[in-house]
Ligand SMILES: NC(=O)c1ccc[n+]([C@@H]2O[C@H](COP(=O)([O-])OP(=O)(O)OC[C@H]3O[C@@H](n4cnc5c(N)ncnc54)[C@H](OP(=O)(O)O)[C@@H]3O)[C@@H](O)[C@H]2O)c1
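In our numbering, the protein residues as written are 59 to 306.
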């Protein structure tokens, strides 16, 4: 999928990775950029068309799909993260909220835009996932569950949309320097770098992009013995030694 002359719809485009996606697709020659935001007054980037969109509101999503009938690339970027483990007192409410935005949101958008993409020749869906799709830690347990669900969604959509020629790309990454990770004192990638790598992969026809070193190492670690998802996340050993060696 080439970005030049594409018509791109981005959820959560007012800040963080969504804003970086909007800037980069404009720079790569997108014809039209629909910038979804819960509060469109927060959209200040010139050159985009503001769309009021809360991914949890079915009526917003339906209105967006009926208005933006020329979309060829849907970027499911909007997401939330809340700290806490599965055994914390509010874990069920927290899990519901994060599944709503991080799983049902992209599902709702994908359902609404799949016919639009099909009518426009196939196009592509890019789902912003995380290394938390693969490993789970008490700090972000329900977030991880929601991203695992979104990963399954991405893999399933790819099969369901193959017949209409829609490319489905899942992007995995570790920490990125946005509001979402404010207060987390760990190495982070710049949103601009992650977005460039992701769009390079999209333009190369990829179905999965491991956008930083942590994603690359953890992906390898899934098949290591023991698998990375079995390791104690509180220990200072984010990847198995064998995986570190293999990753160089
Ligand atoms: N930062 C990281 O380390 C990291 C790593 C891996 C994956 N990700 C994923 O990357 C994506 C973007 O995150 P970010 O780091 O850019 O976070 P961010 O700076 O906190 O931005 C999140 C964006 O999502 C929007 N959003 C949240 N709930 C929404 C809803 N119900 N409807 C519509 N928009 C909604 C926010 O809008 P408001 O301004 O209205 O709140 C904001 O535009 C998320 O899916 C996140 O899970 C982030």
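Glycine is no exception: its CB is placed at the ideal position from the N, C-alpha and C atoms.
Exposure of residue 102, with buried meaning 16 or more beta-carbon neighbours within 10 Å: In the chain shown, residue 102 corresponds to position 44, counting from 1. Exposed, since its Cβ has fewer than 16 Cβ neighbours within 10 Å.
Please confirm if the stretch 251-259 is in contact with the stretch 208-216, defined as three or more CB-CB distances below 8 Å between the two stretches. no
Exposure of residue 69, with buried meaning 16 or more beta-carbon neighbours within 10 Å: Locating residue 69 in the chain shown gives position 11, counting from the first residue. Classification of residue 69: buried, given that the 10 Å Cβ count is 16 or more.
Boundaries (first-last residue) of the beta strand (DSSP E) holding residue 203: Within the chain shown, residue 203 is the residue found at index 145, counting from 1. Run containing residue 203: none in the beta strand (DSSP E); it sits in the alpha helix (DSSP H), 199-220.
I believe residue 94 touches residue 61 by the beta-carbon criterion, under 8 Å. Please report the beta-carbon distance rounded to the nearest angstrom. Against the chain shown, residue 94 aligns to sequence position 36. Against the chain shown, residue 61 aligns to sequence position 3. About 18 Å; that fails the 8 Å criterion.
So, with DSSP's three-state summary, where would you put residue 247? As a position in the chain shown, residue 247 is number 189, starting the count at 1. In this structure, residue 247 counts as strand in the three-state DSSP scheme.
Classify residue 293: buried if its beta carbon has 16 or more other beta carbons within 10 angstroms, exposed otherwise. Working through the chain shown from its first residue, we reach residue 293 at position 235. Label assigned to residue 293: exposed.
Span separating the alpha-carbon of residue 26 from that of residue 252: Lying outside 59 to 306, the shown extent of the chain, residue 26 is not represented and no answer is given.
Cross-strand partners of residue 132 (DSSP beta bridge): As a position in the chain shown, residue 132 is number 74, starting the count at 1. DSSP, once it has assigned bridges, lists 67 and 183 as partnering residue 132.
Tell me whether residue 135, by its Cβ, gets closer than 7 Å to a heavy atom of ligand 3. No copy of ligand 3 occurs in the structure displayed; its ligands are ligand 1 alone.
Those runs of the beta strand (DSSP E) which lie wholly inside the stretch 108-165 and span at least 3 residues: 131-134
Along the chain, where does the beta strand (DSSP E) containing residue 83 start, and where does it finish? Walking along the chain shown from the start, residue 83 turns up at place 25. Premise fails: residue 83 lies in the alpha helix (DSSP H), 74-85, not in any beta strand (DSSP E).
Alpha carbon to alpha carbon, what distance is there between residue 151 and residue 200? Position 142 of the chain shown, counting from 1, holds the residue named residue 200. Position 93 of the chain shown, counting from 1, holds the residue named residue 151. Taking the straight line joining both Cα atoms gives about 10 Å.
Using C-beta distances below 7 Å, list every residue in its chain close to residue 187, excluding the 5 sequence neighbours before and after it, in chain order. For the purposes of this step, residue 187 is taken as residue 129 along the chain shown, with counting starting at 1. Taken in chain order, the residues that qualify are 205, 208, 209, 212, 228, 229 and 230.
Alpha carbon of residue 307 to alpha carbon of residue 194, nearest angstrom: The structure shown does not extend to residue 307, since the chain is modelled only from 59 to 306, so the question has no answer here.
From the DSSP secondary-structure annotation, give me the bridge partner or partners of residue 229. Within the chain shown, the letter at position 171 stands for residue 229. Residue 229 is bridged to 186 and 267.
Quick check: what's the CA-CA separation for residue 114 versus residue 203? The residue you call residue 114 lines up with position 56 of the chain shown. The residue you call residue 203 lines up with position 145 of the chain shown. Rounded to the nearest angstrom, the two C-alpha atoms are 18 Å apart.
Is residue 233 near ligand 1, in the sense that its beta carbon is under 7 Å from a heavy atom of that ligand? Position 175 of the chain shown, counted from the start, is the residue given in the question as residue 233. Correct: residue 233 has its Cβ closer than 7 Å to ligand 1.
Does residue 217 have its Cβ less than 8 Å from a Cβ in chain C? Within the model displayed, chain C is absent; a lone protein chain is all it includes.
DSSP three-state assignment for residue 176, whether helix, strand or coil: Along the chain shown, read from residue 1 onward, the residue named residue 176 stands at position 118. Here residue 176 sits in helix by DSSP.
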